[in-house]
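Numbering-wise (our numbering), the sequence shown opens with residue 51 and increments by one.
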Amino acid sequence: MDRTRSLAKTGSLMALWVTLMCALIGAGIAPVSAFALSSGPNNAGAGASGGSGTAWSNPGNITTVGSPYATCAIPSSSNSAQLRATSYGFSIPTTAVVDGVSVTINRQSSNSSNLQDAVVQLTKDGSTLVGSNLFSGTTWPTSLTTASYGGTSNLWGTTWTPAEINASTFGVVLQAQNTSSFSTRTGTVDYIQVTVTYHMDTTPPATASVTSPASGSIYAGAGVPASFSGSAADDASGVGLNANSTTFTLQRPDGQYWNGVSWGASAFPLGTAHSATTAGTTASWTSTSTLPPEWNLLPDGVYTVTATAKDKSGNSFTGSAVTFTLDNTAPATATVTTPADLSSWRAGTMPATFSGSAADNAGGAGLNANSTSFTLQRPSDNYYWTGSAWQASAAYLAATNTATTSGSSATWTSSATMPAWSTLSNGVYTVTARATDKVGNTFTGTAVTFTLDRTAPTTASVTTPAN
C-alpha cells in the first residue's frame with residue numbers, strides 16, 4: 051500500500067513537472083535547469099540479516115509498517131548483525147539527476163541506555179557498504195521513535211545514478227551496538243523507509259572540443275591525422291553522457307560536409323567512441339566514422355571540424371569549430387640568381403655564396419625558415435657536392451631564408467661550405483634550387499649553368515705589323 055501510494059505520488063509530480071515545462075516553453079520562458087522532485091518514502095521490499103554479529107530475528111518484518119517487528123537481542127559489549135533493507139521499488143527516470151537520499155528508521159530499545167547505531171549506511175549491491183556511515187550515536191529510545199539520516203541534498207559521500215537507485219539491490223544497512231558491559235539489550239525495528247530527491251536535467255553539456263587535428267594546423271594530404279579526437283563532458287550537475295554519444299562534422303572549403311562516404315550539402319553527424327560518464331566527468335572521444343580516404347586528391351583550403359556533445363537527457367552542446375589547412379600544392383618558385391645562368395668564372399672570381407629566391411603557391415602554407423636547398427653538380431663525372439666531398443647521388447645543400455606565409459617570396463643564400471674552385475676541372479657546372487613548404491611539398495626549379503675556366507689562353511700574337 052505504501053509503495054503504491056509512493057509511485058502514484060511520483061507519477062503525479064512528473065505530470066506536474068511536464069505541464070509546467072510546457073507552459074514555460076510556450077510562454078517563451080527558459081525553464082530552470084533543476085526542478086526538484088522526490089520519490090518516496092518507500093518501504094523496503096525485502097529484509098535480511100547478514101554479516102558478523104548477533105543475527106536479527108524476522109528481518110522481513112521491516113517491509114511493513116506496524117507489528118510484527120524485526121528484533122535482535124544483543125549481548126553486552128557486542129554488535130548486531132547487519133539488518134539489510136533492499137528492494138525499494140523506485141522508478142527514478144533514467145535521465146534524472148539524483149540529488150539526495152533520506153532514510154527514516156523507526157526503532158526502539160529494551161532499555162533506556164547503551165543501545166545505539168553502529169552503522170547506518172547505503173549499499174548498491176545489497177551487502178557492500180558504500181559512501182559515508184551516517185550513524186548518529188544517539189541512544190535508542192524505549193518506545194518506537196523515528197530517526198532521520200541523510201537529506202534532500204545528501205548523497206552519503208558517493209555518487210548515484212537512477213539505475214543504481216532503481217535496482218533491487220539498492221538499500222540501507224543498519225547495525226546496532228550494545229555498549230553495556232554486563233546486560234543484553236534488545237533492539238526492535240519497525241521499518242526503514244527511503245525517500246529519493248532528484249531533478250530532471252535541462253542544462254546542455256559543458257564541453258565538446260576537438261583536439262586533433264589541432265586548431266590552425268597545416269597538413270599535406272599524407273599528414274592529416276588518421277582519426278580525429280577530442281573531449282566531451284556534461285555540466286557538473288548533469289546526468290552525464292551515454293557511451294559514444296558525441297558526434298562531429300567535417301566541412302571542406304566549398305561548404306560541403308563529409309558523411310562517411312561522400313560529400314554533401316547538409317551537415318552530417320559523424321560517429322565517435324568514448325566511455326559513458328556521470329555528472330561533469332570528461333570523456334575523450336575518437337572518431338569511428340570513415341574519414342576521406344585520399345586527402346591528397348581533395349582541394350586545398352581551410353577545413354572545419356566541430357564536435358557536439360549530447361547528454362543522457364538529450365540536451366546537446368556544440369563546441370567551438372576547429373580549422374585546419376590542407377595544402378597539397380607544391381611551392382611555385384625555386385630560382386638561382388647567383389651565379390647567373392650561362393655566366394663564366396675564373397676560380398678566383400667565383401661567388402663566395404650562391405643565392406636565389408623561393409616562394410610557396412599563393413594559397414599555400416608558406417615556407418619555414420631555412421627550408422630551401424640547392425644542388426651543385428660538376429661536369430667531369432656528374433657527381434654532386436655534399437659540402438665536403440663529391441658523390442654520385444644528388445645531395446641537397448643547406449641555405450638560409452626567412453619564413454613566409456602564403457605565396458610571399460624569400461631570398462635564399464647558401465650556408466653550406468663551397469668547394470675549393472682552384473682544384474676543380476674546367477667545364478659547365480649545374481646549380482638547381484629546391485623549395486619545401488611547411489607541410490613538406492617540394493618544388494625543384496629550373497637548373498642554372500655556369501662555366502668554370504681555370505686555363506689561361508694559349509695564343510696571344512701580333513700579325514700586323516709583321517715582326
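Quick reminder that beta carbons are idealized off the backbone N, C-alpha and C, glycines included.
Remember, predicted model here, so these are calculated numbers, not experimental data.
Could I get the ranges of all uninterrupted alpha helix (DSSP H) runs contained in the stretch 166-226, with 4 residues as the minimum, in chain order? Look at the stretch 166-226 and you find these whole runs of alpha helix (DSSP H), each 4 residues long or longer: 212-216.
Looking only at DSSP bridge pairs, what is F404 linked to? Per DSSP, none; premise fails for F404.
Proximity to F424 [Cα-Cα], best of A448, I155, G150: A448
Give me, in chain order, the residues of the same chain whose beta-carbon lies closer than 6 Å to that of S122; leave out the 5 immediate sequence neighbours on both sides. The residue asked about is misnamed: residue 122 is Cys in this sequence, not Ser. Excluding residues within five positions, the ones whose Cβ falls inside 6 Å are T104, W106, S130, G237.
When the Cα atoms are used, what is the spatial distance from V498 to N294? If you take the alpha carbons of V498 and N294, they lie about 59 Å apart.
With burial defined as no fewer than 16 other Cβ atoms inside 10 Å of the residue's Cβ, what is the status of R396: buried or exposed? exposed
Hey, could you find the ends of the beta strand (DSSP E) A498 is sitting in? Checking the sequence shown, residue 498 turns out to be Val, not Ala. It spans 498-502 - the beta strand (DSSP E) in which V498 sits, taken as one unbroken run.
Classify A77 as buried or exposed, calling it buried when 16 or more other Cβ atoms lie within 10 Å of its own Cβ. In this prediction, A77 scores a pLDDT of 40, lower than 50, which makes its location untrustworthy; no coordinate-derived value is stated.
Report, in whole angstroms, the separation of the C-beta atoms of A323 and S259, which I expect to be a contact under 8 Å. Separation of the CB atoms of A323 and S259 is rounded to 16 Å, and the pair is thereby denied contact status at 8 Å.
Option nearest S393 by Cα separation, candidates P342, G416, V481, T136: V481
Please name the residue in N365, T505, V274 whose C-alpha comes closest to that of A283. N365
Selected residue, minimal CA-CA separation from D377, among W440, G490, P343: Taking only the C-alpha atoms, the option nearest D377 is G490.
Residue closest to V289, alpha-carbon to alpha-carbon, out of A264, H249, A315, S137: H249
Touching or not, the stretch 190-210 and the stretch 266-273, by the rule of three or more beta carbon pairs under 8 Å? no
Where A382 and D361 are concerned, what is the direct C-alpha to C-alpha distance, given to the nearest angstrom? 49 Å
Residue nearest to Y446 in terms of C-alpha spacing, selected from F278, S159, Y433, S475: Y433
For W345, list the residues DSSP reports as bridge partners. In the DSSP output, where bridge partners are listed per residue, W345 has none listed.
Looking only at its chain, what residues have a beta carbon closer than 7 Å to the beta carbon of G101, apart from the 5 residues adjacent to it on each side? A131, Q132
Would Q171 be called buried (16 or more neighbouring beta carbons within 10 Å of its own) or exposed? buried
So what does W462 bridge to, in DSSP terms? G406
Assigned secondary structure, W36 (DSSP; H/G/I helix, E/B strand, else coil): The displayed coordinates of the chain run from 51 to 517. Any statement about residue 36 would go beyond what the structure contains.
In this structure, does DSSP put N164 in helix, strand or coil? Residue state, collapsed to three classes: coil.
Within the stretch 356-441, ranges of the beta strand (DSSP E) (whole runs, at least 3 residues): Scanning the stretch 356-441 from its first residue to its last, the whole beta strand (DSSP E) runs of 3-plus residues come out as 366-368, 372-376, 383-388, 393-395, 405-409, 423-427.
With contact counted as at least three CB pairs below 8 Å, one residue from each stretch, are the stretch 137-145 and the stretch 228-235 in contact? no
Using CA coordinates, which residue listed in D350, A146, A135, L474 is at the minimum distance from T113? A135
Specify, as a first and last residue, the run of the beta strand (DSSP E) that W335 falls within. 332-337
A272 in three-state terms, based on DSSP: helix
Using DSSP with H/G/I as helix, E/B as strand and the rest coil, what is G110? helix
Which two residues bound the contiguous beta strand (DSSP E) that contains Q243? 235-250
By a C-beta neighbour count over all protein chains shown, 10 Å radius and 16 as the cutoff for buried, is L347 buried or exposed? exposed
Express the C-alpha separation of T252 and T97 in angstroms, rounding to a whole number. Residue 97 is actually Gly in this sequence, not Thr. Using only the alpha carbons, I get a separation of about 37 Å.
S99 versus T338 - alpha carbon distance: 49 Å
Just to confirm, are N451 and T496 a CB contact at a threshold of 8 Å? Cβ atoms of N451 and T496: not closer than 8 Å.
From which residue to which residue does the beta strand (DSSP E) around G266 run? No beta strand (DSSP E) contains G266, which DSSP labels as neither H nor E.
From the DSSP output, which residues share a beta bridge with Y353? F374
Restricting to Cα atoms, I'd like to know which of F493, G200, A226 is closest to S407. F493
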